[in-house]
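Structure record follows, encoded as structure tokens.
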Amino acid sequence: MRVRFAPSPTGHLHVGSAHTALFNWLYARHHGGAFILRIEDTDRSRSTDDNIASIIEALRWLDIDWDEGPPTPGYRQTERFDLYRAQAQHLLAAGGAYYCDCPPEQLERERKAAEARKETFRYSGRCRQRGLTAGALRLRMPDEGATVVNDLIHGAVTFEHRQLDDWILVRSDGTPTYNFSVVVDDVTMGITHVIRGNDHLSNTPKQIVCYEALGYPVPEFAHVAMILGPDRSRLSKRHGATSIQAFRDAGFLPEAMVNYLARLGWSHGDQELFSREELIELFDIKDVAPSAAIFDHSKLEWLNQQYLKRMDGGQLAQLAAPILAAAGLGRGRDPVWLSRVMDTLKERARTLRELVEVGRFYFERPEEYEPKAAARLFTAEGARRLALLIDELRTKGDFEPGSLEQLYRDLASRLGVGLVDLAQLTRLAITGRTASPPLFEVLALLGREETADRLRAALAAIGGER
RNA sequence: GGCCCCAUCGUCUAGAGGCCUAGGACACGGCCCUCUCAAGGCUGAAACACGGGUUCGAAUCCCGUUGGGGCCA
0 MRVRFAPSPT GHLHVGSAHT ALFNWLYARH HGGAFILRIE DTDRSRSTDD NIASIIEALR
60 WLDIDWDEGP PTPGYRQTER FDLYRAQAQH LLAAGGAYYC DCPPEQLERE RKAAEARKET
120 FRYSGRCRQR GLTAGALRLR MPDEGATVVN DLIHGAVTFE HRQLDDWILV RSDGTPTYNF
180 SVVVDDVTMG ITHVIRGNDH LSNTPKQIVC YEALGYPVPE FAHVAMILGP DRSRLSKRHG
240 ATSIQAFRDA GFLPEAMVNY LARLGWSHGD QELFSREELI ELFDIKDVAP SAAIFDHSKL
300 EWLNQQYLKR MDGGQLAQLA APILAAAGLG RGRDPVWLSR VMDTLKERAR TLRELVEVGR
360 FYFERPEEYE PKAAARLFTA EGARRLALLI DELRTKGDFE PGSLEQLYRD LASRLGVGLV
420 DLAQLTRLAI TGRTASPPLF EVLALLGREE TADRLRAALA AIGGER
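Printed below as a string of structure tokens:
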């Protein structure tokens, strides 16, 4: 079996497109078939090479690989015009198509009239017998009966032929229409299963008639439900980030993205987490749901965190490196140290970006202290305790989490206060915040010198305020 | 407007006539754990759009209504 993903390079790879690409890819990998990438760039005004590069980059990032497609020549529609012309001539010769020179204005009038009668506009077919040799090329459609699309997801969907008219295959300027070029491409590429968005279901009966007129077998069809925004309209830019790159840049992992997209419209019992191998093994079209799904950002974030948590510190350090660098942090740091830092952060962030934000204090001293907490903790009593801590931390122990905790516990009981009192005071002084990874790990990672410096800075800040 | 698709908690979904007192997950609330925040564990609230059939029995089958989406312009 052979499937294809055929994006129009009019923008970045949209999550909806990525969704159908993934379903095609999973289907091919599951059944050991071929996955083909084809670029539908007939709309020359909106298609750009940059967009093609961007789509390819996004697919690579998702690790969706193709068996045939760019950069091999012949997989862009603009390179295939000879094929469309040849098939059009073939149809014309066989009598399946005919030229039409009806002026657009007249067609428009008829369309309006049909609308006024509350009927479907259907081209009259008046040029059918005229034997013209130029104009727009129309496909001769049956006047009666119906075409049934046997969809793998929706079952049998019937379209009455009186709703379908002789549609244009090739415009009078010689360019093929979308529906025609798709059929020719799928036929010449030997596509056996067309898995695409539900928005193409209405086009399918026209295409089926074209396959038959051309004398080729009709492939299987599977129309996957669309992805909607929170307001139930088609997911678009006004709902926020929609391109795969945008999610990558926001700090999502490709594994999480693939897992999330796979679970949109597909499921396998109660399971939520799937490795790539599991997806390939378990995915099947028969388990794909027919109804549209709303894109849920918070579930994606949760999934991303699940993957973050399972990753080791070293990997995370590499993945976070670009974000760290962009924030001007972490330059020249020891990889082992960075890896330990990441291990303390990964359970506290849903994205790589958040991870860097949460761990910012590891790389630079706090510029300010949370005001409410400072008012509560940075008091005269707080200053006394800080001074005591500075003194204690200067010499005692080996500055490892275990001994640091012991030191704090001892001091707390000596002062007759809770561990929490000393911990929060220190946390605020060290990170500027009241929430952070476990304090003693943080202190150990920062080291004796840095810890002492930050505590002294906090002490000075208290003094300065009073 | 015509045609087509869709309809289970707020969201993703399980459910293929009796297993359903409708299950899981996200999000939300509570409790536990705990140096904070998380993570984790336990727990709570939360849905079969509506109306007719079919059947001993319907979330599941059929019809209609309503609502949402798409295609054609």
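When the count follows numbering that gives the first Met the number 0, it moves up by one through the first sequence with no breaks and lands on 465 for the last residue. Virtual Cβ for every residue (Gly too), placed ideally from N, Cα, C.
Collapsing the DSSP output to three states places His222 in a strand. Nearest neighbour of Gln86 by Cα position, chosen from Arg332, Ala33 and Gly173, turns out to be Gly173. Using a Cβ-Cβ distance cut-off of 8 Å, the region 248 to 265 and the region 279 to 296 are in contact, since at least three pairs of beta carbons, one from each stretch, lie closer than that value. When secondary structure is reduced to three states using DSSP, Thr425 falls in the helix class. Collapsing the DSSP output to three states places His30 in a helix. In chain order, Thr119, Phe120 and Arg121 place their CB closer than 8 Å to the CB of Ala113, counting only its own chain and leaving out the 5 sequence neighbours on each side.
Per DSSP, reduced to three states, the secondary structure at Gly381 is helical. Each of His153, Glu219 and Glu39 was checked against the Cα of Pro175, and the nearest Cα belongs to Glu39. Residue environment: Asp142 is assigned as exposed (fewer than 16 neighbouring CB atoms within 10 Å of its CB, all protein chains considered). Contact between Arg1 and Ala33 holds, with the beta-carbon distance rounding to 5 Å and staying under 8 Å. Spatial neighbours of Arg349 in its own chain (CB-CB distance under 6 Å, excluding positions within 5 residues in sequence) are listed in chain order as Glu300, Asn303 and Gln304.
Between the region 330 to 346 and the region 405 to 419 there are fewer than three inter-stretch CB-CB distances shorter than 8 Å, so the stretches are not counted as touching.
Its Cα nearest to that of Asp165, the residue Ala135 stands out among Met188, Ala135 and Ser180. Leu138 and Leu307 have their C-alpha atoms roughly 54 Å apart.
Taking every protein chain shown into account, the CB of Ser201 has fewer than 16 other CB atoms within 10 angstroms, so this residue is exposed.
Under DSSP, Ala96 takes part in a beta bridge, and its partners are Leu138. The beta-carbon separation of Ala291 and Ala224, rounded to 4 Å, stays under the 8 Å limit for a contact.
When DSSP states are grouped into helix, strand and coil, Ser46 belongs to the coil group.
Closest by C-alpha distance to Met140, out of Arg161, Val148 and Thr132, is Arg161.
Glu109 sits in a helix when the DSSP states are folded into three classes. Residue pairing for Ala372: DSSP places it in no beta bridge. Per DSSP, the beta-bridge partners of Asn149 are Ala155. By the neighbour-count criterion, in which 16 or more other beta carbons inside 10 Å mark a residue as buried, Pro436 falls on the buried side. When Glu404, Arg432 and Leu410 are compared, the shortest CA-CA separation from Ala443 is found for Glu404. Residue pairing of Leu36 in beta bridges, as defined by DSSP: Phe4. Ala379 counts as exposed, since fewer than 16 other beta carbons sit within 10 angstroms of its beta carbon. Ala324 and Leu318 have their C-alpha atoms some 11 Å from each other. In this structure, Thr191 lies near Glu219, with their beta-carbon atoms less than 8 Å apart. With 16 or more other CB atoms across the displayed protein chains lying within 10 angstroms of its CB, Gly95 is buried. Residue pairing by DSSP places Trp265 opposite Val287 in a beta bridge. For Ile190, no alpha helix (DSSP H) run applies, since DSSP gives it neither H nor E. With three or more CB-CB distances shorter than 8 Å, the region 424 to 434 counts as touching the region 367 to 384.
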